[in-house]
Structure formats: C-alpha cells, structure tokens
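For reference, the structure discussed in these notes is given below.
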Amino acid sequence: MAPVRTGLLALALLVAVALPARADITAFIGAATTPDSRRVTGIALGGGFLIVGFEFEYASAREVPEEGAPELRTGMGNVLLQTPGSIAGLQLYLTGGAGGYRERLGSDQETNVGVNTGGGVKISLAGPLRLRLDYRAFRLNGNPRHAVVHRIYAGANLGF
Numbered sequence: 002m003a004p005v006r007t008g009l010l011a012l013a014l015l016v017a018v019a020l021p022a023r024a025d026i027t028a029f030i031g032a033a034t035t036p037d038s039r040r041v042t043g044i045a046l047g048g049g050f051l052i053v054g055f056e057f058e059y060a061s062a063r064e065v066p067e068e069g070a071p072e073l074r075t076g077m078g079n080v081l082l083q084t085p086g087s088i089a090g091l092q093l094y095l096t097g098g099a100g101g102y103r104e105r106l107g108s109d110q111e112t113n114v115g116v117n118t119g120g121g122v123k124i125s126l127a128g129p130l131r132l133r134l135d136y137r138a139f140r141l142n143g144n145p146r147h148a149v150v151h152r153i154y155a156g157a158n159l160g161f
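Following the working numbering, the numbering of the sequence shown begins with 2 at its first residue and continues without gaps.
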C-alpha cells in the first residue's frame, strides 16, 4: 500500500506544480523547393509545456504542371523540443513528426504516410504576436514523384 500512496502523492505534487499549458496558432506561406520552388500555404495549431510542445499542421503546395511539380497536401502531427520561452525575443525549436500526404499531378495521385523533421524560430513582435520561420524535410513513403521534399515558410504566430 505504501508504494501506491507514494505514487499518488508524487502525482499530486507534479500536478500542483505543473506550469499551465500554452497554445498557439500559425498561418503561414512559404515554398516547397522540391523539384522546383512553388508556393505553400498552411496552418498549424499547437500547445505545450515548458520545453516540450505538440502541434498539428495542414499544408498545401500548389501544382505546377509545366515544371512537373505535383500538388502536395500534408497533415502532420509533430513533437517540438523548444527553448523554455523567449531568449532575447527568440524561441528556438526542433521538431519531428508523422502523418499523411496526398500528392497529385494531373490525373496521377499518391496517398500514403510520411515523416518530417526540421526546426525554426519564433520571433517576438508585440504582445502575443510572433513571426515564425520554419524549415522542414518530409520523407514520403509509397511511390511519390519525390521521396524527400524540402519546405521553408514564414508565418504569423499568435499565442493564447
């Protein structure tokens, strides 16, 4: 009985001193650079505690048929490892995650799963508003036209 009581006491203490969760939303525009640069737009919603964060992101890169660049839509869940708040107005992070994608060029399409890794910085502007700069490398499973796709973006990030 003593180990159970000790465990419950430790859990209660952890909950009592835990920092409140923080959340943010980012609307972004950028470029997928594989095979050629094309516009990407998307939205990310995340939350976290101190140095660990979680995020769901949806993004869409437009199709450019004349360059053989397919439309790419991704929905990814990610874990972020980040600095605990801003340091000189900057919050740095590394991220990795997995999810699904759909690639389409003309009538050809591929739907499968993929993983991504990357990192970036959230730059404080005014109050809860920040500029977010991000890089991701996506590794797409199945038979995509390009197994690895690189993406960069800038976005408006609002904390709440």
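All C-beta atoms in this analysis are idealised placements derived from N, C-alpha and C, irrespective of residue type, glycine included.
- With a threshold of 16 other beta carbon atoms within 10 Å, V149 falls short and is exposed.
- Taking a C-beta distance under 8 Å as the contact criterion, R133 and T27 qualify as a contact pair.
- Taking C-beta atoms as the reference points, N117 and G97 count as a pair closer than 8 Å.
- For R131, the enclosing beta strand (DSSP E) has its first and last residue at L130 to L141.
- Selection G128, G76, I52 and G69 evaluated against S61 yields G76 as nearest (Cα-Cα).
- If you look at S108, you'll find it isn't in any beta strand (DSSP E); DSSP assigns it neither H nor E.
- Ranking L46, Q110, R40 and A3 by CA distance to the CA of G31 puts R40 first.
- Comparing alpha-carbon positions, the option among L126, F55, G69 and Y94 lying closest to S108 turns out to be G69.
- For H147, there is no enclosing beta strand (DSSP E), as DSSP marks it with neither H nor E.
- In chain order, G48 and F161 place their CB closer than 6 Å to the CB of A24, counting only its own chain and leaving out the 5 sequence neighbours on each side.
- DSSP places R39 in the uninterrupted beta strand (DSSP E) bounded by R39 to F50.
- Per DSSP, S61 is one residue of the beta strand (DSSP E) stretching across V53 to A62.
- Between L106 and the set L159, Y154 and H147, the nearest pair of CA atoms involves H147.
- Our two residues, P145 and G100, have alpha carbons roughly 15 Å apart in a direct line.
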